[in-house]
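Taking it in order: structure first as structure tokens, then the write-up.
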Amino acid sequence: MTENRDRDRLIDELIAVGRDAVERGLVLASGGNLSARVAENSFVVTASGTWLDRLTRDDFVELTLDSDEAGAGSIGSKPSSEWKLHHRAYLARPDAQCVIHLHPRHAVVLASIGREIRLLTLDHAFYVGSIGLTPFYHNGSDELADTAAEQLRSHNCVVMQHHGCSVVGDSVEMTYRRALNLEDAAKATALALQLGDTGTTFPPEAFAEIHHA
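Here it is as structure tokens:
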């Protein structure tokens with residue numbers, strides 16, 4: 005009974021994230037997907053074709069980490085076409101309890117035109133920490149999932165050029181905080197570039213204190 009309550013609680017948290025992400029313009033239509041680990045070897049992920057601002061508990065599919073095929077080990081509807089992004093992320097990061105994949109405009113544009121997303125505020129430095137980057141691969145492909153997962157081994161956030169981002173964390177709330185701060189860092193970077201600044205970042209010595217305290 006406790007396991008079921010925890011599963012439902014995690015799904016409810018993801019539903020709230022999906023609604024907020026759409027309201028903030030971080031994803032459009034049926035783009036993006038969300039997941040949470042519900043057991044050591046399984047996770048729930050949004051179903052194929054779902055809109056993140058219209059999610060219900062029935063819009064999640066449970067998959068196991070043992071299988072590399074969506075049909076095997078799945079419970080319920082067909083999972084998102086991007087289920088591999090989540091599957092490989094959990095394998096690469098056993099500490100991850102949530103994976104959020106969105107399409108934040110500023111972060112994607114900067115990454116796609118070869119501009120580094122800079123961390124300019126205390127929140128950027130604390131929540132984002134560092135950002136991985138992958139070249140373009142087609143959505144749903146093994147190449148996309150594998151390269152993103154490899155970046156997540158050493159970063160909590162990865163931006164996929166011409167596509168979106170994947171973010172991991174030890175809770176749904178922390179993961180979403182990171183996703184929000186990733187896009188905020190991208191917006192701040194774009195503003196700094198418009199003002200003519202090309203190099204300012206959060207003070208390196210303060211960054212080191214935050215992450216090595």
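Under this note's numbering, the final residue of the sequence shown carries the number 217; numbering is consecutive throughout.
For every residue, glycine included, the Cβ atom is placed at its ideal position computed from N, Cα and C.
Option in the options with minimal Cα separation from residue i
i, options, result
"ALA189", "SER134, PRO208, THR179", "SER134"
"VAL172", "ALA43, THR60, TYR131, GLU44", "TYR131"
"HIS90", "ARG61, LEU32, ALA153", "ALA153"
"GLY36", "GLU86, PHE47, VAL65", "GLU86"
"ARG182", "VAL103, PHE211, ILE15", "VAL103"
"ALA192", "CYS161, HIS216, GLU120, GLN155", "GLU120"
"ASN8", "ALA43, ALA210, PRO208", "ALA43"
Where residue i falls: helix, strand or coil (DSSP)
i, result
"PRO139", "coil"
"ASN3", "Here the chain has residues from 5 to 217 only, and residue 3 is not among them."
"SER78", "Low local confidence applies: a pLDDT of 44 at SER78 is under 50, so the model's placement there is unreliable, and no value is given."
"GLY35", "coil"
"SER170", "strand"
"ARG67", "This sequence places Leu at residue 67; Arg is not what is there. The answer is strand: DSSP assigns LEU67 an E or B state."
Residue(s) in a DSSP beta bridge with residue i
i, result
"THR205", "None; THR205 has no bridge partner."
"ALA40", "VAL48, CYS102"
"PHE164", "One point to set straight first is that residue 164 is Met, not Phe, in the sequence displayed. Partner(s): THR138, GLY168."
Residues near residue i in its chain [Cβ-Cβ closer than 7 Å; skip 5 each side]
i, result
"GLY22", "LEU38, LEU56, ASP57, LEU59"
"GLU187", "LEU30, PRO108, HIS110, ALA111"
Spatial neighbours of residue i in its chain, beta-carbon cut-off 8 Å, leaving aside the 5 residues before and after
i, result
"ARG157", "ALA96, ARG97"
"ASP24", "TYR180"
"HIS142", "LEU148"
"GLN155", "GLY136, LEU137, THR138, VAL162"
"THR204", "ARG122, LEU124, ALA196"
Status (buried if at least 16 other CB within 10 Å, exposed otherwise) for residue i
i, result
"ARG92", "buried"
"ILE117", "exposed"
"ASN160", "buried"
"LEU197", "exposed"
"ILE214", "exposed"
Same chain, Cβ closer than 6 Å to residue i, neighbours up to 5 away in sequence not counted
i, result
"LYS82", "SER52"
"SER78", "Caution applies to SER78, whose pLDDT of 44 falls short of 50 and renders its modelled position unreliable; the value that the coordinates give is listed next. The answer, listed in chain order, is VAL65, LEU67."
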